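Below is one structure, written out as structure tokens; the observations come after it.
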Amino acid sequence: MDAITDFLSAVRVQGVCYGRIQLSTTWTPRADAGSHSAFGLISYGQAWIDFSDAAERLQLSHGDFFLLAPGRKYVLSTAGDAPAAIIAGRFSFDDTHSKPLTDFLPPLILIRGGQPQALPLQKTLELLASEVSGSTPGSEVAVRHLADLLLIQALRAHLTDGEGNGTGWLHALSDAHIGAALNSMHQRIDHPWTVASLASEAGMSRSAFAQRFKALMSESPLEYLTRWRMYRGSDLLRESDRKLADVAQAVGYDSDGAFHKAFKRVLGIAPGEYRRSVVGSPAMWRAGSAGH
-15 MDAITDFLSA VRVQGVCYGR IQLSTTWTPR ADAGSHSAFG LISYGQAWID
35 FSDAAERLQL SHGDFFLLAP GRKYVLSTAG DAPAAIIAGR FSFDDTHSKP
85 LTDFLPPLIL IRGGQPQALP LQKTLELLAS EVSGSTPGSE VAVRHLADLL
135 LIQALRAHLT DGEGNGTGWL HALSDAHIGA ALNSMHQRID HPWTVASLAS
185 EAGMSRSAFA QRFKALMSES PLEYLTRWRM YRGSDLLRES DRKLADVAQA
235 VGYDSDGAFH KAFKRVLGIA PGEYRRSVVG SPAMWRAGSA GH
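Per the numbering used here, the very first residue in the sequence shown carries number -15; after that it's consecutive.
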């Protein structure tokens, strides 16, 4: 599978909250735990968005969509005396499965309303609003799939808008050389990759590849590969009864001991303990139209 598909398979949306907020002054959303990711769309008017972790301040206009990395807090206020409205919500994630988002999602994805990529997001939000506010048979399943679709569309839009900051996972995917290596890793996660073989996939020299990968991703190619092997391994532990040695082999480890050590280092929990904590646990899905 390609890197985007693998990423979305590793991220498990457990619920979505959604509401329409009329802005006449400053509005501060309720503080949330790190496993929540906020999103919003300006339905009319203009607003300012401020962040608690940066001096950055952005003006938002009609049709603008934003998605924040998990745990990032923000404040919205009107631009001047004119009222504004926002369709605001948040995705909630399983703590373990929010790690790919926390690790690889940029702090802010912003799609301006005038961009062609904004239209699918707007349409999906309209459908989501209809399903969340209704109680028709199958609405819970529909909301679940629409939430996944919204996340996919936001990532796609960010990949194609050409406005990235030049670093980060999504930007690296759009790099012809590094993107080729990333997709090769994700497609053949069990392959005995080396920096040299990944450089060959990228069509670069070993040293140039290692330097460019580190510049874009802030980690080495093999550090990245190890993390994704652990995310894929956690999926196998959760969703199958395969022996630990089989799971280890499926993600590129010849010994379950080496896999055990890497799993605990990356995810902070031993594979066996992780499996016991998730097997038989109920699948929690929450959908609501409560205020954000």
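Quick reminder that beta carbons are idealized off the backbone N, C-alpha and C, glycines included.
A quick note: this is a predicted structure, and the numbers were derived from the prediction, not measured.
Taking the alpha-carbon of residue i as reference, which of the options has the nearest alpha-carbon?
i       : options                             : result
Ala126  : Arg56, Ala113 and Ile136            : Ala113
Gln6    : Asp(-10), Leu25, Gln(-2) and Ala180 : Leu25
Val0    : Ile(-12), Pro104, Gly64 and Ser123  : Ser123
Arg41   : Ser61, Ser218 and Met169            : Ser61
Asp50   : Ala234, Ser189, Gln137 and Trp177   : The question names Asp, yet the displayed sequence has Phe at residue 50. Minimum Cα distance to Phe50 is reached at Gln137.
Leu105  : Asp219, Thr86, Gly47 and Thr(-11)   : Gly47
Val(-3) : Ala72, Leu130, Thr144 and Ala156    : Leu130
Ile173  : Thr86, Tyr215, Ala194 and Ala199    : Tyr215
Tyr28   : Gln43, Pro121, Ala141 and Ile70     : Ile70
Asp240  : Gly217, His175, Ala31 and Lys57     : Gly217
Leu139  : Tyr237, Asp238 and Ala102           : Ala102
Ala39   : Tyr58, Met188, Leu52 and Ser21      : Tyr58
Leu89   : Gln171, His20 and Phe247            : His20
Gln43   : Phe243, Trp32, Asp230 and Arg226    : Trp32
For a test of the three-state rule: what should DSSP assign to residue i, helix, strand or coil?
i       : result
Val314  : This structure leaves residue 314 out entirely; the chain is present only between -15 and 276.
Tyr237  : coil
Thr144  : helix
Arg74   : strand
Ala156  : helix
Leu(-8) : helix
Gln6    : strand
Gln106  : helix
Ala131  : helix
Met268  : Confidence in Met268 is poor, its pLDDT being 45 and thus under 50, which makes the residue's placement unreliable; the coordinate value appears in the next sentence. Three-state DSSP puts Met268 in coil, outside helix and strand.
Arg249  : helix
Gln101  : coil
Thr120  : coil
Arg216  : helix
Met188  : coil
Lys198  : helix
Is it right to say residue i is buried, meaning 16 or more other beta carbons lie within 10 angstroms of its own, or is it exposed?
i        : result
Ser76    : buried
Leu115   : Note on identity: in this sequence residue 115 is Glu, with Leu being the wrong assignment. Under this definition Glu115 is a buried residue.
Asp(-10) : buried
Thr108   : buried
Gly98    : exposed
Ala254   : exposed
Ala(-6)  : buried
Ala(-13) : buried
Pro100   : exposed
Tyr2     : buried
Ser158   : exposed
Gly73    : buried
Pro121   : exposed
Ala141   : buried
Leu56    : Looking at the sequence itself, residue 56 is Arg, so the reference to Leu does not match. Under this definition Arg56 is a buried residue.
Where residue i and residue j are concerned, what is the direct C-alpha to C-alpha distance, given to the nearest angstrom?
i      : j       : result
Glu223 : Pro205  : 27 Å
Tyr208 : Leu166  : 9 Å
Ala232 : Trp153  : 25 Å
Leu94  : His161  : 25 Å
Phe23  : Pro54   : 10 Å
Leu221 : Leu182  : 27 Å
Arg96  : Arg128  : 25 Å
Pro67  : Val250  : 46 Å
Asp65  : Gln30   : 10 Å
Glu257 : Met169  : 27 Å
Lys245 : Thr144  : 38 Å
Phe193 : Ala186  : 7 Å
Arg259 : Leu228  : 10 Å
Gly236 : Glu110  : 43 Å
Ser119 : Trp177  : 50 Å
Ser202 : Leu(-8) : 21 Å
Ala15  : His175  : Low confidence applies here, because Ala15 scores a pLDDT of 45, under 50, leaving its location unreliable; read the following figure in that light. Their Cα atoms are separated by approximately 42 Å.
Gly163 : Ser8    : 44 Å
Ser45  : Pro91   : 20 Å
Asp238 : Ala156  : 29 Å
Val262 : Met188  : 41 Å
Ala180 : Gln195  : 12 Å
Leu135 : Ser191  : 35 Å
Spell out the partners DSSP gives residue i in its beta bridges.
i      : result
Phe49  : Leu25 and Ile95
Arg260 : Arg260 is not bridged to any residue.
His20  : Ser76
Ala69  : Gln6 and Tyr28
Leu341 : Because the chain here runs from -15 to 276, residue 341 falls outside it and cannot be looked at.
State yes or no: is the C-beta of residue i nearer than 8 Å to some heavy atom of the ligand PLP?
i    : result
Gln6 : You won't find the ligand PLP in this model; it holds no ligand whatsoever.
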